[in-house]
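One structure below.
Residue numbers (my numbering): 19 to 252.
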C-alpha cells in the first residue's frame, strides 16, 4: 500500500510526475484528506470509485493529463467536493450520471478538452469553465447553456467547431431562426462510451510503468499536514 499510516494527512501533491495509473488502495488510509493534486501526469483513465474513501475531500485537481472519458462512479464517495479541475485533458465522452454524487460542487473546470456535447451538470455549480472545446452547435446546446450564462466563465470564448457554417461563431450567438440550418440535436447516445474506449478502460486499468510503492524511496513518510512528492518517477 503506497500511503499507509497517513491518517492525519490533509493535503497530497503528486503534481508533475509520470503517473499513468491510479489505484483505490493508495487512498484507503487518508480519512481527513481535503486536497489532492494529480495534475501534469500521464493519467489516461480514472477507474470508478478510485476516490471513494476520501469522504472529506474538498478539492481534486486532475488537470493536464490524458483522460479521454469519465465513466459512471468516477467521483463516487466525494460528498464534500467543492472544486474539480479536469481542464487540459482529452475528454470527449462523459457519462450522464458521473457528476451526480457531487451535490456540493461549486467550481467545475472542463476547459481545453474535446467536448462537443454539454454534459449533465450539478445544480450547485457556480463557476463553470467550458471554453476551448470543439462544440457542435445546435439549438439544444444553446438552450442548455442559456440558463448557465451567469455561471459560465469566459463565455465569449465558447465558440462553435461545427457545423462548418457556424465554425468560429459564439455558441450563445445562435438564435431560434438559425436552427433551420443546423443539424439535428445529438442523440443521447453521444454520452455513452464507444466500445473502443471501453476496451481501453481495461487496458489502462492494468497498465502502468510501476507501482507507486516500488518507486518510493525507502524510509518512513513525513506525516505532516502537507505531503509533497515532486519528480516521483524519473
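Positions of the beta carbon are idealized from the N, C-alpha and C atoms, including for glycine.
message: Just to confirm the assignment: which complete alpha helix (DSSP H) runs, minimum length 4, are found wholly within the region 129 to 166?
response: 157 to 163
message: Please tell me whether residue 64 and residue 40 are closer than 8 Å, where the distance is taken between their beta carbons.
response: yes
query: Span of the beta strand (DSSP E) holding residue 55?
result: Membership of residue 55 in the beta strand (DSSP E) is indicated by the continuous run 53 to 55.
Three-state class that DSSP yields for residue 45 in the structure shown: helix
message: On a Cα-Cα basis, can you pick out the residue from 21, 43, 54 that is closest to residue 32?
response: 54
Given residue 170 as reference, the closest of 150, 183, 181 once Cα atoms are compared: 150
query: When you compare only the Cα positions, how much space is there between residue 155 and residue 147?
result: Cα to Cα, the separation comes out at about 17 Å.
query: With 16 other CB atoms within 10 Å as the buried threshold, where does residue 235 fall?
result: Here the model assigns residue 235 a pLDDT of 40, short of 50, so the residue's position is not dependable and the matter cannot be decided.
task: Return yes when the Cβ of residue 74 is within less than 8 Å of the Cβ of residue 98, no when it is not.
output: yes
- prompt: Under three-state DSSP, which class holds residue 173?
  reply: Three-state DSSP puts residue 173 in a helix.
message: Let me check understanding here. Comparing Cα to Cα, which of 134, 60, 141 lies closest to residue 125?
response: 141
field: Best match in 164, 49, 165, 66 for proximity to residue 92 [C-alpha to C-alpha]
entry: Residue nearest to residue 92 within the set 164, 49, 165, 66 is 66 (criterion: CA-CA distance).
task: Figure out for me which residue from 180, 50, 100 has the closest Cα to the Cα of residue 157.
output: From the listed residues 180, 50, 100, the smallest Cα separation to residue 157 is found for 180.
Alpha carbon of residue 165 to alpha carbon of residue 105, nearest angstrom: 22 Å
Beta-carbon separation (whole angstroms), residue 162 vs residue 133, contact threshold 8 Å: The distance from the Cβ of residue 162 to that of residue 133 is about 12 Å, inconsistent with a contact at the 8 Å cut-off.
- prompt: At a cut-off of 7 Å, is residue 158 close to the ligand GTP when judged by its beta-carbon and the heavy atoms of the ligand?
  reply: Absent from the structure shown: the ligand GTP. Ligands present: none.
query: Run through DSSP, which three-state label would residue 111 get?
result: It is a strand residue.
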